Every structure is written in C-alpha cells, then in structure tokens.
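Taking it in order: structure first as structure tokens, then the write-up.
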Amino acid sequence: MYKILYKDGNAKRGQLETVHGTIQTPVFMNVGTDGAMKGAVSTKDLQGIKTQVVLCNTYHLHVRPGDNIVKDMGGIRQFMAWDKPVLTDSGGFQVFSLAGLRKIKEEGVYFNSHIDGRKIFMGPEESMQIQSNIASTIAMAFDECPPHPATREYMQNSTDRTYRWLLRCQKEMERLRKLDNTINKSQLLFGINQGGTFEDIRIEHAKKITSLELDGYALGGLAVGESHEEMYNIIEKTVPYLPADKPVYLMGVGTPANILEAVERGVDFFDCVYPARNGRHGHAYTNYGRLNLLNKRYELDERPLDETCGCPVCRIYSRAYIRHLLKAKEMLGLRLMVTHNLYFYNTLMEEIREAIEKGCYKEYKNKKLADLKEDLK
RNA sequence: GUGGGUAUGGCGCAGUUGGCUAGCGCGCCAGAUUGUGGCUCUGGAGGCCGAGGGUUCGAGUCCCUCUAUCCACC
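By our numbering, the letter at position 376 of the first sequence is numbered 357, and the numbering carries on one by one without gaps.
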C-alpha cells in the first residue's frame, strides 16, 4: 500500500507499506548485490546509518550461492540477517552490463556467467521464480536494458518485447504467490518503463504498463550514456503517464544532484552504486562537494571526512588516517568510506523528505545544489 | 687480495651490429566510473643513463681509469 503524505509541486513525500515494514519515500536503496554491501559493511552497520531498503541482485544470487540455497536458508532477509525490506533487481540489467556473450530472444536471454562462463538462460518466468526463492520484499520485472545510443527501430522492438515479458512476469508472479512453499506470498512487483530517449516510445510504453495494476513503476535504461538534460527530460515527460498513486523508481541513479532533480520530477525510489563504488575508490561525499581522499592534500588532514556529518565514521576518524588506509589497501579504509557515503545518501533523503513536508523543496534543492558544487579544498 | 658480474626516473628492469625528443612495469600526482566483477580506463610529473677521460659525424651502447655494489675463490 503506497500513500502520499505530502506533495510539494511534483515532489512527493510518501510511504510504502510492505510485509517487511514501511518505507518512507523518497528513499535511496543501499546496493548489496551479493547479499552484502561491498566494502565489508554489515547489515548491523546499516542499522546505524538510516538504511531503509537493501537492493540485492537476482542474477548474482542465482549464480552464487544459488537461489535454491537462499530459499532453503529462509529467504534473503533471514540469510543476511536484515529484517527490513529488500528489493531484488531482476537480472535484466546485468545481462546488459556484465554478461559478455548474450543472445536476446523472445523467450528470454541466453548468456554466460561472469563467474565461470557457464551458459545461463533467464526469461521472465525464471527471473520471477528466482526472486520468489530469494523472497525479497519487492521484485522487479525482467526487462531488457537497451544500450545508448540505439536506433529507433531497435528501441521500439526492445520496448515491445519488454512489455510482453512484463505480462509474463505478472502472470508468473501471481502463480508463485499462491504456492504453499512460497516464502513471501505478499511479494510486490514493480514494472519497468523503457524507451531510451525517445519520448513517444517512453510514453506509449508507460501508458501500456500503467493499465496492468502493478505495485510500482520504474524508469529503466537511464543514466546509460545520455546527458543529464536528456535524462531529466525523459523523467519529466514520462512520470505524468505513470499512476499517480503508485511509487516511481528511477533505476540506478545517481549522483546527489541527479536525485535532487528527479525528486522534483516525481521520483520516489532510487538506488546507485556510486556511494559504495566511489567510496571504495576514495571519493567521499560531503555536504560541500566530493573529496578524493587519495589526493595528497589530505595526507595530514586531521578533520573528519565531513565536518558537518554525524555518521559513526566522522565521529572518530580523520581524513589522514582514512587516506592512509586506502593507500595501504586496508579493508577498513573501504569500510569507513562506504559507511560514510551511505550515511550521506541516506541523510540526504531524510533532508529531502523533511523539505517536502515543509513545502520548501525547491528552495532546499537549490541551496543544496549550490553547496554540493563547491569542492572542499 | 684474485677472478667475474652489475651500475639507466622512488623501486624493479628493457634498451638490438654505436643513429631521430631514452622506454616498460610498479609506485607517485590527477581525472573518469550511475538497476556493482574491490574491476577497469584516461591523462600527468619525474632520468644531464654511477664519476672522469677517450674513440667517433654521432656513445646508454665501444676503450681506459676511478667509485659503489653483488657473486665465487683465497
């Protein structure tokens, strides 16, 4: 059940009630692909940094340890000791992003595992079955994430097929929810809108999937190489054609600025590898811009990553120490960076929710964007 | 002490029968990264080639002396 509590322009402050707890939106889901946040951040650590939802990956968990094992262990939440909501990505994007050899056919996708190269087939039914075994709170439809740029013809064909796949996903999900040994019989299903940067294909597809009464709707295939302006334009043009009473999820996005802009255009859910990946690579997000801790100027810097931050890392450790850990490739360095960055993102979302409640989102956004542009020297 | 080897950017090395602005790996300094292979990519700085002398149109490459260092023998 999704409820909008406040509206400020197109920005929404809502909450999604699930069997695993209520999600306050807008929300940033923390990415934990293999059932773990990269950077050795545990689910216990997440409890101290305002994380609401963990995103796990269908494809990865299927390949290793195997979704049957996750199911036998009581589902992913039980398995990773995380009692709050989990969203599983369907595997559609991974086929696009990391499977080398792949063949997309009407029935699904044939590709090779990035772990051992063995041949794998995944179609809408398989993806739903795996996600049902994983027993996430929210399952994503199996889609094709088309590359950018793509020809209009390719995009139209791909989007049409993604729609047909969505019908099969919905049907399979309904069947799975009724099975006796299904762990989460209330698993939600979000559909995914595609169409690249072709406004009319996006809108046509949005209208078609809106009629399906899904639990939520996602914008996929963005931030894959197009400009920010193109991305914002597509969000702006497409969101009005999605149900007003359902959550909207912008997949894989993005930078703090991307999120601020997308919220203003009506997006509720986000996820992105940036805070974790960039953290591992030495970039710390702060309220005054992004720092590259590997830069020599932090060698003797006694300050915390962000002097205005209240995270568990900033309360204790200096930039100089964290820089040393990163240079020495100590796991602790990655852990501290990722923990801080996730806290930053989660806190940003908290601020966004408060600003919408107060009805001053636009002012908040503009100030925040101005602050974030400045790099800390 | 004798014989032999080696001396090239922070470290480890390539440099053909002497021939254009001396390369490579790592490191260092920066920049990319958007539904995650702790990956990868892209730039940049840094060397009067151990010292001195000689041969030559031309020497990191050849010759002599010295210095440092390694190995074997005594």
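We treat Cβ as the ideally placed atom computed from N, Cα and C, and that holds for glycine. These numbers come from a predicted model, not from an experiment.
Identify every residue that forms a DSSP beta bridge with residue i.
i: H264; result: N273
i: Q151; result: Partner(s): none; Q151 has no beta bridge.
i: N38; result: D70
i: T3; result: E(-2)
i: V90; result: I85, M103
i: A199; result: I173, Y230
i: D252; result: M10
i: K(-7); result: K(-12)
i: M18; result: V22
Starting from residue i, trace the beta strand (DSSP E) both ways and give me its first and last residue.
i: T178; result: Counting along the chain, T178 falls outside any beta strand (DSSP E), and DSSP gives it neither H nor E.
i: D282; result: No beta strand (DSSP E) contains D282, which DSSP labels as neither H nor E.
i: N165; result: Note, N165: premise wrong, no beta strand (DSSP E); not H, not E.
i: K(-12); result: -17 to -11
i: M10; result: 8 to 12
i: M121; result: 119 to 121
So, under 8 Å CB-CB, residue i and residue j are touching, yes? Tell me the CB distance rounded to an integer number of Å.
i: A199; j: M232; result: 5 Å
i: V254; j: V22; result: Wrong, their Cβ atoms sit about 13 Å apart, outside the cutoff.
i: Y279; j: R300; result: 4 Å
i: H321; j: A243; result: At roughly 23 Å, the Cβ-Cβ gap does not stay under 8 Å, so H321 and A243 are not in contact.
i: F102; j: F251; result: About 30 Å; that fails the 8 Å criterion.
How about residue i and residue j: are their beta carbons less than 8 Å apart?
i: P228; j: T6; result: yes
i: L362; j: I303; result: Because the chain here runs from -18 to 358, residue 362 falls outside it and cannot be looked at.
i: N114; j: D48; result: yes
i: V205; j: P293; result: no
i: K84; j: V76; result: no
i: K218; j: R183; result: yes
i: A116; j: L170; result: no
i: G398; j: D249; result: The requested residue 398 is not part of the displayed model; the chain covers only -18 to 358.
i: A221; j: C150; result: Strictly speaking, residue 221 in this sequence is Pro, with Ala absent from that position. No, the Cβ-Cβ distance between P221 and C150 is not below 8 Å.
i: S94; j: V44; result: yes
i: G172; j: L147; result: yes
i: Q168; j: T143; result: no
i: K(-7); j: G235; result: no
i: R261; j: L315; result: yes
i: F74; j: C126; result: yes
i: D15; j: L42; result: yes
i: K(-12); j: V319; result: no
Taking the alpha helix (DSSP H) that residue i belongs to, which residues open and close that run?
i: A336; result: 312 to 339
i: K348; result: 342 to 354
i: D53; result: 48 to 53
i: A243; result: 237 to 245
i: D26; result: 24 to 28
i: M212; result: 209 to 219
i: Y298; result: No alpha helix (DSSP H) holds Y298; DSSP gives it neither H nor E.
i: M61; result: 57 to 61
Does the segment 52 to 59 touch the segment 333 to 345, meaning 3 or more C-beta pairs lie closer than 8 Å?
no
Given 8 Å, three or more beta-carbon pairs between the segment 133 to 140 and the segment 105 to 120
no
So does the segment 236 to 244 actually touch the segment 198 to 215, counting three or more Cβ pairs closer than 8 Å?
yes
So, do the segment 186 to 193 and the segment 152 to 168 have three or more beta carbon pairs nearer to each other than 8 Å?
no
Should the segment 59 to 66 be regarded as contacting the segment -5 to 6, the criterion being three or more beta carbon pairs within less than 8 Å?
yes
Touching by the beta-carbon criterion (3+ pairs, under 8 Å), the segment 267 to 278 and the segment 286 to 301:
Counting Cβ pairs under 8 Å, three or more are found: they touch.
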